[in-house]
Structures are given as structure tokens and as C-alpha cells.
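Q: Next up is a structure, given as C-alpha cells.
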Amino acid sequence: MRRLRPAGSVAELPTVTFGHRSLMWWGTLGFMTIEGWTTALLVACYFYLRQNFVSWPPLRTPLPSLLIPSINLAVMLISIVPAYLVERAGKRLDAMPMRRWLVVSSLFGIAILVLRWYELWSLNIRWDTNAYGTAAWTLVGFHATLLVLDVADTIGLTLFLFIKRMPPKTFSDAADNSFYWYFTVCLWIPLYLIVYVGPRIF
Numbered sequence: 041m042r043r044l045r046p047a048g049s050v051a052e053l054p055t056v057t058f059g060h061r062s063l064m065w066w067g068t069l070g071f072m073t074i075e076g077w078t079t080a081l082l083v084a085c086y087f088y089l090r091q092n093f094v095s096w097p098p099l100r101t102p103l104p105s106l107l108i109p110s111i112n113l114a115v116m117l118i119s120i121v122p123a124y125l126v127e128r129a130g131k132r133l134d135a136m137p138m139r140r141w142l143v144v145s146s147l148f149g150i151a152i153l154v155l156r157w158y159e160l161w162s163l164n165i166r167w168d169t170n171a172y173g174t175a176a177w178t179l180v181g182f183h184a185t186l187l188v189l190d191v192a193d194t195i196g197l198t199l200f201l202f203i204k205r206m207p208p209k210t211f212s213d214a215a216d217n218s219f220y221w222y223f224t225v226c227l228w229i230p231l232y233l234i235v236y237v238g239p240r241i242f
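Residue numbers for the sequence shown, in my numbering: 41 to 242.
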């Protein structure tokens with residue numbers, strides 16, 4: 041019987057991978073691609089409806105308020121900082137600061153969701169009043185669903201880290217969570233300009 045000899049050892053391979061070397065990262069990128077295209081289709085519908093009206097919003101429709109949406113945009117941009125610190129701590133495999141900044145990120149997320157509720161009412165129109173109201177609520181509401189999912193994921197990950205012993209892959213999961221948060225915040229910037237600033241310009 042022929043004796044088999046080992047061709048190599050995998051003992052030195054890393055147990056945690058980040059970025060494009062991680063399967064989870066590619067899954068997250070896939071979600072972002074799908075959600076990005078969905079948002080693009082909704083924006084196209086918004087402008088398609090816009091071309092059917094002489095004025096936008098339609099006559100006798102109040103303009104959306106800017107105060108709460110602008111505050112929320114600022115909070116979302118600031119929230120990138122703790123998300124980045126979570127990612128950096130995760131890549132260093134440093135558990136303590138990662139936990140700490142995940143708690144901060146969770147608190148930011150809750151505040152953003154509360155502000156998003158008031159943001160919807162800052163549109164100053166019901167979703168079923170006319171086509172403009174439906175289009176505006178759809179854009180803001182769709183992005184709100186992305187926020188809810190990501191904030192729930194962040195809170196769940198945070199609780200997991202405090203309740204259970206942390207497996208090594210959690211460091212990569214935390215970094216991917218930050219990656220998705222950057223996408224969610226950046227996606228909102230053009231939507232904010234389209235829905236809240238656009239009616240004042242066009």
C-alpha cells in the first residue's frame with residue numbers, strides 16, 4: 041500500500057479573514073448591490089412622476105420641512121465614526137474597544153430611527169394624498185427599512201458579544217456590519233437631497 045505524505049500544512053492559515061477574502065463580505069456586498077439597484081428604481085419612479093406635474097410638489101402642497109431631516113443627516117454622518125472604530129478594533133482582534141464602540145453605534149442607531157419617524161412627518165403630506173406624497177414616503181420609508189435591519193443587526197451583535205463567549209469570526213462580522221452601515225448612510229445623502237432639498241430647487 042502506497043504511503044501518503046503530507047503536501048503542506050494549513051495550521052498557519054488565519055482563522056479570521058476580512059474584506060474580499062471573507063465569504064460574509066461578499067454576501068454583504070450582494071445585499072448592497074440589490075438594495076442599491078432597488079433604490080435607483082424607486083428614484084427613477086420618483087422623477088417619472090415628477091415630469092407629469094407642472095410643479096413639484098403639486099400646487100397647494102406644502103414643502104417638506106428641513107430641520108429634522110438635516111439633524112438626522114448630521115447624526116448619521118457622525119455615526120460613521122463609531123462604526124469605523126468598530127471596524128478598526130475588529131481588524132486588530134481587540135474585543136474590548138469593539139464592544140464599547142458597538143454600544144455607541146447601537147445608541148446612534150436608535151436615535152436615528154427615532155428621528156426617522158419624525159422625518160416622515162416632516163414631509164408635511166400623507167402618503168396617500170397624491171402621487172408626490174406616495175413617491176416621497178416610498179423613498180424615505182424604503183431607506184427606513186434598511187436602517188431598521190442594520191440597527192437591529194448591530195444591537196443583536198452587541199448583545200451577543202456581552203452574553204456569549206465571542207468566537208473569532210465575530211471580529212469579521214463586526215467589520216462587515218460597519219461596511220454595510222457606511223453604505224446605508226451614503227445611500228441616504230442623495231435621497232435627502234432629492235426628497236427634502238429638491239422640491240425647493242426644481
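Beta carbons: idealized from backbone N, C-alpha and C, even for Gly.
Quick caveat: nothing in here was measured; it's all calculated off a predicted structure.
Are the Cβ atoms of residue 113 and residue 179 separated by less than 7 Å?
A: Residue numbering aside, residue 113 sits at position 73 when the sequence shown is read from its first letter. Residue numbering aside, residue 179 sits at position 139 when the sequence shown is read from its first letter. Not in contact: residue 113 and residue 179 (Cβ atoms no closer than 7 Å).
Q: Would you mind working out which of 211, 156, 169 and 143 sits nearest residue 122, comparing C-alpha positions?
A: The count along the sequence shown starts at 1 and reaches residue 122 at position 82. That would be 143, whose Cα lies nearest to the Cα of residue 122.
Q: Count the other CB atoms within 10 Å of the CB of residue 216; is the residue buried (16 or more) or exposed (fewer)?
A: Against the sequence shown, residue 216 aligns to sequence position 176. Per the 10 Å Cβ criterion, buried.
Q: Can you tell me which of the three DSSP states residue 101 falls into?
A: For the purposes of this step, residue 101 is identified with residue 61 of the sequence shown, where counting begins at 1. Coil, per DSSP.
Q: Please report how far the alpha carbon of residue 67 lies from the alpha carbon of residue 130, in whole angstroms.
A: If you number the sequence shown from 1, residue 67 lands on position 27. If you number the sequence shown from 1, residue 130 lands on position 90. Roughly 18 Å separates the two Cα atoms.
Q: Can you list, in chain order, the stretches of the alpha helix (DSSP H) that have 4 or more residues and sit fully within the segment 74-154?
A: The segment 74-154 contains these whole alpha helix (DSSP H) runs: 107-131.
Q: With the cut-off set at 7 Å, would you say residue 166 and residue 184 are in Cβ contact?
A: In the sequence shown, the residue the question calls residue 166 occupies position 126. In the sequence shown, the residue the question calls residue 184 occupies position 144. Their beta carbons are not under 7 Å apart, which means residue 166 does not touch residue 184 by this criterion.
Q: Tell me the DSSP secondary structure of residue 167 in three-state form.
A: Stepping through the sequence shown from its first residue, residue 167 is reached at position 127. Residue 167: coil per DSSP, three-state reduction.
Q: Thinking residue 162 and residue 105 are a contact (beta carbons under 8 Å), I'd like their distance in whole angstroms, please.
A: In the sequence shown, counting from the first residue as 1, residue 162 sits at position 122. In the sequence shown, counting from the first residue as 1, residue 105 sits at position 65. Residue 162 to residue 105, Cβ: 4 Å. Contact.
Q: Among 211, 75 and 234, whose alpha-carbon lies nearest the alpha-carbon of residue 128?
A: Taking the sequence shown and counting its residues from 1, one reaches residue 128 at position 88. Ranking the options by Cα distance to residue 128, first place goes to 211.
Q: From residue 79 to residue 242, what distance separates their C-alpha atoms?
A: Indexing the sequence shown from 1 puts residue 79 at position 39. Indexing the sequence shown from 1 puts residue 242 at position 202. The straight-line gap from Cα to Cα measures roughly 21 Å.
Q: Count the other CB atoms, across all protein chains shown, that sit within 10 Å of the CB of residue 228; report buried if there are 16 or more and exposed otherwise.
A: Along the sequence shown, read from residue 1 onward, the residue named residue 228 stands at position 188. With 16 or more Cβ atoms within 10 Å of its Cβ, residue 228 is classed as buried.
Q: According to the neighbour-count rule (16 or more other Cβ atoms, all chains shown, within 10 Å of its Cβ), is residue 88 buried or exposed?
A: Against the sequence shown, residue 88 aligns to sequence position 48. Residue 88 should be labelled exposed.
Q: Would you identify the three-state DSSP class for residue 212, choosing helix, strand or coil?
A: Looking up residue 212 in the sequence shown gives position 172. Three-state result, residue 212: helix.
Q: Where do the N-terminal and C-terminal ends of the alpha helix (DSSP H) with residue 239 fall, by residue?
A: As a working note, residue 239 is residue 199 in the sequence shown. 238-241 is the span of the alpha helix (DSSP H), which, as asked, contains residue 239.
Q: Residue 195 and residue 146 look like a contact to me (Cβ under 8 Å); what is the Cβ gap, rounded to whole Å?
A: In the sequence shown, the residue the question calls residue 195 occupies position 155. In the sequence shown, the residue the question calls residue 146 occupies position 106. About 5 Å; that satisfies the 8 Å criterion.
Q: Cβ atoms of residue 164 and residue 102: under 7 Å apart, would you say?
A: What you label residue 102 is simply residue 62 of the sequence shown in a count that begins at 1. What you label residue 164 is simply residue 124 of the sequence shown in a count that begins at 1. Contact flag set, yes.
Q: Using a Cβ-Cβ cut-off of 7 Å (strictly less than) and excluding sequence neighbours within five positions of residue 153, which residues of its own chain qualify?
A: Against the sequence shown, residue 153 aligns to sequence position 113. Result list for residue 153: 187, 188 and 191, in chain order.
Q: Once DSSP output is grouped into helix, strand and coil, what is the label at residue 172?
A: Here residue 172 corresponds to residue number 132 of the sequence shown, with the count starting at 1. Helix, per DSSP.
Q: Please say whether residue 201 and residue 140 have beta carbons closer to each other than 7 Å?
A: Your numbering for residue 140 matches position 100 in the sequence shown. Your numbering for residue 201 matches position 161 in the sequence shown. No, the pair does not count as a contact, with Cβ atoms beyond the cut-off.
Q: Cβ of residue 220 within 7 Å of Cβ of residue 98?
A: Start at 1 with the first residue of the sequence shown, and residue 220 comes out as number 180. Start at 1 with the first residue of the sequence shown, and residue 98 comes out as number 58. No, Cβ-Cβ distance for residue 220 and residue 98 is not below 7 Å.
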